[in-house]
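Notes follow once the structure below has been shown.
Chains as they are written, first to last, in this note's numbering: chain A, 41 to 407; chain B, 41 to 407; chain C, 41 to 407; chain D, 41 to 407.
Laid out in structure tokens, this is it:
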């Protein structure tokens, strides 16, 4: 029962701190015979990597991943896969104020309260750098899924930044990779950019965002009720990402405002099986996938590290103020997109394996 | 690794179907020496029990709970506690249409797709009757918390029904127990009631709701990063409840619209330790409790069983229509209130025990 | 992480005490579609039941098992199966000495030291009555195995009692069911009986035994290295049985006395795949089954409750003596035979499911 | 549920193969504030390291361990500790026969049967090199135990090699570190050495051994019945070590030959609490420690790699013969001593933490 692990049969354990020698993921339960290499993993890490454009932090981290185990002649062996990313810049430096002061909105104070230890070097274990390990592990999951369920496509994208949202009528899957915001609506992407420019340069402020991750080409029958439901595991997976404050499946919170008549996804027969008149359910009923697209959204709070002065206290309990300098993402939501995709990939692979183990791969709709 | 269990050290496994002989919960990991009896558990079950007023289903189920193990002379022994609720009405009856037809919005079709089995008797395992077992287990957790953390108070209440929401300025903790909606705003409760009357009688429809659960008197330091964060576990716990489509902590989805400056919960020193200027975080930073109120919200979709005709298919794949007769809750959100409270109680007790096991009970802020 | 559970995907949680209202097992992860009923389970419980002949305790317990959930129309549904055995005789009675005194060799003192609670009613949770729940769960596993791996045969038998052992040259599978000792050597069974008569009547003493459980018709490829090895899980399963002090696979402890040349199980090709010149390994290499018979042995210590006076202390720390009256098995090893079989069945089913989940059911030698 | 992990709250996951770039252990759940460094861990690894004297393999592996995470200013932080040992010699070389042939007694054939993959490089994941990771993790456990339970002493030693056993009357704790066999009886150590010389040089053979591990200064109350009993977890821990075929607690298999009268450990009051007239139980009753010494033994089979020709088959199913050349330990039991100690340390720390989490650290005998 490791609290740094997730997954039932495809089990990922992440380790490492922001400023330690390295961080990584121990991935257990990947089926044998999956073709994967470091270059394949690197493409996903590069998507998350900082410093790629003006909208993200200007820190430079190569985030190069090494596979240390679990492979033989280019394929997985079914034994644990160790993924390591060395931290290139660990030199001793002046951490200034934050050695003694707690940054509001960060986990500084709660780690201190829980563990009695204050690893002030970039947040230690609570740093979002941990998500690099998730993205690496997600790459392994993607490789397995590509081989096992070739039609499955997992795509993350930003649907809201601050008060600005996308126009669903303008939704274009191909647009997502064309702008810095992984936004499916080109016009919204432009608005996001202008707003973020102003926030960063003029307002010294940051902003939240909503990320949506969709899985298309889903098999039906994935999800293990009652406490390993597909939506339960997705909710946990997304909520565990740094700065996430809300998770929605399908209609999400808006389901509260609907009536039963409006919310019904009516069923009819299509050429390849059941089809639905709508997808309010987000592709999941009773915790099990219907075969429709699985749609998950999560809200990322605005970056807590801002250049505006805020009141706080020190380790010894004295009141003071803090301005968090340094190169921070004005909208951490952007870099949360590949992290959300990685979590979706891990959860789906896990549930394919779990279905095999609990029901059998040739039974039910997945067979 | 049971998929019908939740919790790390305080581990609850529920079992049973809507129309089997009985259902219940196997509760393991409750500390020894906790005073609890069936009457204490029954009060929470009665809160969830159907047929108590016109706003919930008119079915009559006594939902009487028996404690079959884990007790000696009125106190828990530290061994598994078996809680059983017999299903009083299991007579063979005419299930009519639903033997062959899938009810839209229900798990009928996905259980069939996954397991190849169609337990048409009231939804079988996917029925919300399963939540009675959670409420019983939550009663054990509440008894332990009452003894271990006497100041802790867990309260659930409805903050939205359909498009109608509460006025936070009218929030009154004492009002919650006074109306049929567990609503903290008396005026909103009246509006809820009028709206539900109309939906039930005139519109033959149902409606969704948002439930909020708050834990007051929280110890700081609860939560086990990275994948056993307090908010992660709460998100999973709430999302696992039938019909839930979204979960929020603190600001929740609205955090996306905030700026970093507005979202900052500034810290200062109070007489008993750190205090905060606001609680956008919902009492959790980096997955660990700050000592502020923990605030969780979840959206319950409208009841899928309605008296309006909807299109669907049969087990053999023929298109047809269905009207779901029977006595159904027009707003399942009402009865979800005690379920949400039970899940909060279980998660908090679990994290108190986990903190002891991982850190030690006299270390950190909890000691 | 329940400490009253075992198994990875086929997960059994037992509950209940010697003198509570009931005891049982919550069985999760049984595949759907398995035909099983109470009568099938009862045959295994009857094999363990006390009072069947003069060699076991003369207590009468019907040990009738009820299936409370997880079934529909005579087949498992893939949801949790609740098995309950009511304790028929719970009347308040005079427990005499043992309310205050610790019985040497029993868990009385350690439960007191650990939990601070003294459930003196027949040992409470530490009673061997708990193994009835294992046997019931093992019946579920046997039903699944019969359907999934029809050639598999699991047989337990006694190979040693006190200093008396069987003659392997006289080993007869058919003899096992013919004597009260489940002994494959008729002559040894007679010797066991004579010895036990004397111990019980004249010596007021008890004796230990060695039980062997063999699985024939094994699939190759079962077992999940490194910490879910088939032998690791079997060792844990057997060591968890009351009074067991040693577990052996194949040669067991005697392997220490062998040389590498003698211990080698040479490999050649048989008509249906690899065959071996011998089975020193007990059918397991590197934690994975070879397809040979899996052979496990465990030693059961002599019953601690004897009619001879022994020194002990009271709860309050005073020195005293105790004679444990009552109707006790002079050799608990006899009734441990069906328990060992049940554990073997549970472990093997679990590893078949795990292989499917981790590798895939059509891969490797199992496909 | 990683099959490459063990432990409940102190959870160790090992990774890596014999000839990959590195191997190691991800250690989660170590309490914060434990002082430990690489030099401390290295002393235990050096004890296991090959090539230290003529009795073990002459391969040279520095087995230098690096701590990559989980530390801050010389103390553990409560976050995952990554321990990495680089494999210094991975050059491509001629593996000769074993690329195609299965070595009898090794896991070559079962890994092939299970995974359909043949990592012939030194056994891949099934190599005993994996135990280096255990020893490193055990070092973390030892550091925590030294700080939390200073009186606890864990000592492993060889009590039998082939047919030669120690004389318990000559048992000397101080002798253990003085000979190459970690043997507490100097005379037996000499006999072991002479015998091994002959086996190695003249007989081209190998031999098995029995290792005993004792924990002195034990707290009472450790162990979580029913399926997390202290002896259950120790049995699993020891059986998971490469080449182990049997595990015993206290009297072990010999308990079968005892009578109840002889086996009784009578209880009386000592100056510091309960004391016992003997320790047949090996310090554990009902799965919970009594406070007496915990005594575990395990049998290690003779090294399967010997210079004598043995029959086997190839991957393609052809019959052939094999002689396993290379530098192999003639008695792997010698190097199993520090591995057994490491497993004992991990299990005991885990149960101290578990007791805290399930019962509370100031309750029961441990408080």
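Built from N, CA and C at the ideal position, the CB exists for glycine as well. Only a predicted model underlies this, so the values are computations on that prediction, with no experimental measurement involved.
The beta carbon of residue 148/D does not come within 9 Å of any beta carbon belonging to chain A, so the residue lies off that interface. Scanning chain B for C-beta atoms nearer than 7 Å to the C-beta of residue 233/C yields nothing, as the closest lies near 37 Å away.
Under a criterion of Cβ atoms nearer than 8 Å, the residues of chain C adjacent to residue 48/B are, in order, 41. Secondary structure note for residue 68/C: its beta strand (DSSP E) is the uninterrupted segment 62-68. Identification of chain C residues near residue 114/A by a Cβ-Cβ cut-off of 8 Å yields none; the smallest Cβ-Cβ distance measures about 18 Å. Taking C-alpha positions only, residue 119/B is separated from residue 42/D by approximately 26 Å. For residue 334/C, the enclosing beta strand (DSSP E) has its first and last residue at 334-340. Positions of the beta strand (DSSP E) runs, each at least 3 residues long and wholly inside the region 68-144 of chain B, are given as 105-107 and 121-126 in order along the chain. The residue from 240/D, 117/D and 350/D with its alpha-carbon nearest to that of residue 163/A is 117/D. Contact check for residue 263/A against residue 146/B fails: the beta carbons are separated by 9 Å or more.
Residue 62/D belongs to the set of residues whose beta carbon lies under 9 Å from a beta carbon in chain A. DSSP places residue 149/D in the uninterrupted alpha helix (DSSP H) bounded by 148-155. The beta carbons of residue 293/B and residue 286/A sit closer together than 9 Å.
In the three-state scheme derived from DSSP, where H, G and I count as helix and E and B as strand, residue 222/B is classed as coil. Contact note: residue 117/C reaches chain B through 57, 151, 155, 157, 159, 164 and 165, using a C-beta cutoff of 9 Å and chain order.
Listed along the chain, the chain A residues whose CB falls inside 8 Å of the CB of residue 269/B are 279 and 280. Residues of chain B with a Cβ closer than 7 Å to the Cβ of residue 359/A are, in chain order, 308 and 309. Here residue 315/C has 307, 308 and 309 as same chain residues with Cβ atoms under 8 Å from its own Cβ, once five neighbours each way along the sequence are excluded. Within chain B, not a single residue places a beta-carbon under 9 Å from that of residue 200/C; the smallest gap is close to 33 Å. Closer than 9 Å to the CB of residue 375/C there is not a single CB belonging to chain B.
In this structure residue 190/A is exposed. Its beta-carbon is surrounded by fewer than 16 other beta-carbon atoms within 10 angstroms. Straight-line measurement puts the Cα of residue 362/B at about 7 Å from the Cα of residue 141/B.
Comparing C-alpha distances from residue 368/D to each of 47/D, 155/D and 247/D shows the shortest one belongs to 247/D.
Chain D has no Cβ within less than 9 Å of the Cβ of residue 327/B.
Between the region 250-258 of chain B and the region 248-262 of chain A there are fewer than three C-beta pairs closer than 8 Å, too few to call the two in contact. At least 9 Å separates the CB of residue 348/A from every CB of chain D. Rounded to the nearest angstrom, the gap between the Cα atoms of residue 111/D and residue 126/A is 16 Å. Restricted to the region 241-290 of chain C, the beta strand (DSSP E) segments that are unbroken, complete and at least 3 residues in length are 249-256 and 284-289, listed in chain order. Taking C-beta separations shorter than 6 Å and ignoring five residues to either side along the sequence, the partners of residue 207/B in its chain run 225, following chain order. Where residue 171/C is concerned, the enclosing alpha helix (DSSP H) starts and stops at 170-188. Within the model, the alpha-carbon separation for residue 392/A versus residue 45/B is close to 19 Å. In the structure shown, residue 199/A falls within a strand segment according to DSSP collapsed to helix, strand and coil.
Residue contact with chain B for residue 189/A: absent (no Cβ-Cβ distance below 9 Å to any residue of chain B). Identification of chain D residues near residue 399/B by a Cβ-Cβ cut-off of 8 Å yields 71, 72 and 118, ordered along the chain.
Annotation for residue 56/B: no alpha helix (DSSP H) segment contains it, though the beta strand (DSSP E) segment containing it runs 51-56. Here the region 380-396 of chain C does not lie against the region 329-343 of chain D, with fewer than 3 beta-carbon pairs under 8 Å apart.
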